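2 protein chains.
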Amino acid sequence: MLILVLKFTIMNYNPINFSEKFNQFSDYWKPKVISEINNYQFKIAKIKGEFIWHTHPETDEAFIVLNGEIKIEFRDGIVKIKQGEMFVVPAGVEHKPSSENESQIMLIEPRGVVNTGENKSSNFTYENDVWI
Amino acid sequence: MLILVLKFTIMNYNPINFSEKFNQFSDYWKPKVISEINNYQFKIAKIKGEFIWHTHPETDEAFIVLNGEIKIEFRDGIVKIKQGEMFVVPAGVEHKPSSENESQIMLIEPRGVVNTGENKSSNFTYENDVWI
Chain A
1 MLILVLKFTI
11 MNYNPINFSE
21 KFNQFSDYWK
31 PKVISEINNY
41 QFKIAKIKGE
51 FIWHTHPETD
61 EAFIVLNGEI
71 KIEFRDGIVK
81 IKQGEMFVVP
91 AGVEHKPSSE
101 NESQIMLIEP
111 RGVVNTGENK
121 SSNFTYENDV
131 WI
Chain B
133 MLILVLKFTI
143 MNYNPINFSE
153 KFNQFSDYWK
163 PKVISEINNY
173 QFKIAKIKGE
183 FIWHTHPETD
193 EAFIVLNGEI
203 KIEFRDGIVK
213 IKQGEMFVVP
223 AGVEHKPSSE
233 NESQIMLIEP
243 RGVVNTGENK
253 SSNFTYENDV
263 WI
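Read top to bottom, the protein sequences are chains A and B.
The first sequence runs 1 to 132 under our numbering.
The second sequence runs 133 to 264 under our numbering.
See below:
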């Protein structure tokens, strides 16, 4: 007797879980890439305290707050962004992010953007394209 | 006596609040633009029930679930994405999103992407570049 077994394989794809990713690191101000669309990257970071003034002359930069509340200072003003909110810093606009307590954020921007912008040798400058 | 008043104006910039945006509409499967970086758009949508099979040949598409749980079927598998998770559907991959109950999602993709992909005249096809 010939038994024909047809096996249909359904792949279970895995989503990217933000909490699981945040649990994998504890350092501040060091954005880690978690995903890409085309040549744009999704990076997450824990931040606390004050960052430096810097600019990304070549690109807008999106900040989404996933946990906590952050502040971004501009030369002419300020924005407070809390969990469930986002803000886009336009290209060329000088800005200084900070967070009184630890916050968890996601950045969306083109591949290759340096976290400290034109200040490529600041103490805060972090290696690019680090994936977790 | 001369009194000199120096007035320093500090602008309070407003973040984009996802809940406030979702409160402004109730229709399903009609992505609304809430922000842009360069030529990429952030769109939010309420979804419920089953969408149609479609493809975006020209671009990857990021799904972030802000509330609820959604499912995306592929010809060879499936992914479940819940609040606090994201998934990127690669360019050219046929997919069919669905959500048993109402979910709130954010899409990130280049400006000009049609929600039903190559099916530009489906009942689900929605006007592009609608901002809220």
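Glycine is no exception: its CB is placed at the ideal position from the N, C-alpha and C atoms.
Keep in mind the model is a prediction, meaning the values are calculated, not measured.
Host alpha helix (DSSP H) of residue i (start-end)
| i | result |
| --- | --- |
| S121(A) | Premise fails: S121(A) is in no alpha helix (DSSP H) and is neither H nor E. |
| E94(A) | It is not in any alpha helix (DSSP H) - E94(A) carries neither H nor E in the DSSP assignment. |
| E58(A) | Element bounds for E58(A): n/a, residue is neither H nor E. |
| F154(B) | 150 to 154 |
Euclidean distance between Cα positions of residue i and residue j
| i | j | result |
| --- | --- | --- |
| H227(B) | E250(B) | 12 Å |
| I52(A) | N39(A) | 26 Å |
| I196(B) | D76(A) | 32 Å |
| E85(A) | V33(A) | 20 Å |
| N247(B) | K175(B) | 10 Å |
| V88(A) | K252(B) | 30 Å |
| Q173(B) | L4(A) | 50 Å |
| I108(A) | N128(A) | 14 Å |
| Q156(B) | E201(B) | 21 Å |
| M143(B) | A62(A) | 19 Å |
| E100(A) | I81(A) | 12 Å |
| Y145(B) | T9(A) | 51 Å |
| F124(A) | V113(A) | 14 Å |
| L2(A) | I37(A) | 48 Å |
Backbone secondary structure at residue i - three-state DSSP
| i | result |
| --- | --- |
| K212(B) | strand |
| S103(A) | strand |
| K48(A) | strand |
| K32(A) | strand |
| F195(B) | strand |
| N260(B) | coil |
| I135(B) | coil |
| F174(B) | strand |
7 Å CB neighbourhood of residue i in its chain, flanking five on each side removed
| i | result |
| --- | --- |
| L198(B) | F150, Q215, Q236, I237, M238 |
| A91(A) | H56, P57, E58, T59, D60 |
| I167(A) | One cannot answer for residue 167(A) here, as it falls past the ends of chain A, which runs 1 to 132. |
| E102(A) | K46, K48, G68 |
Cβ neighbours of residue i in the same chain (closer than 6 Å, five flanking residues each side left out)
| i | result |
| --- | --- |
| K162(B) | Y258 |
| I72(A) | V79, H95, P97 |
| W131(A) | V33 |
| R111(A) | N39, Q41 |
| E50(A) | S98 |
| S254(B) | I184, T248 |
Limits of the unbroken beta strand (DSSP E) element including residue i
| i | result |
| --- | --- |
| E217(B) | 217 to 221 |
| F206(B) | 201 to 206 |
| N144(B) | 143 to 145 |
Nonlocal neighbours in the same chain, by C-beta distance under 8 Å from residue i, ignoring five residues either side
| i | result |
| --- | --- |
| D27(A) | K46 |
| V225(B) | T187, F206 |
| K21(A) | K32, I34, I44, I132 |
Positions along the stretch 49 to 63 of chain A whose CB lies within less than 8 Å of some CB in chain B: Per Cβ criterion, the list reads T59, D60, E61, A62.
Listed in chain order, which residues of the stretch 98 to 124 of chain A have Cβ atoms closer than 8 Å to some Cβ of chain B? I108, E109, P110
Under 9 Å (Cβ pairs) to chain A, residues found in the stretch 156 to 178 of chain B: I166, S167, E168, I169, N170, Y172, F174
Report the residues of the stretch 76 to 97 of chain A with a CB closer than 8 Å to any CB of chain B, ordered along the chain. D76, G77, I78, V79, K80, I81, K82, G84, E85, M86, F87, V88, A91
Interface residues of the stretch 11 to 25 of chain A facing chain B [CB-CB below 8 Å]: Taken in chain order, the members of the stretch 11 to 25 of chain A whose beta-carbon sits within less than 8 Å of a beta-carbon on chain B are M11, N12, Y13, N14, P15, I16, N17, F18, S19.
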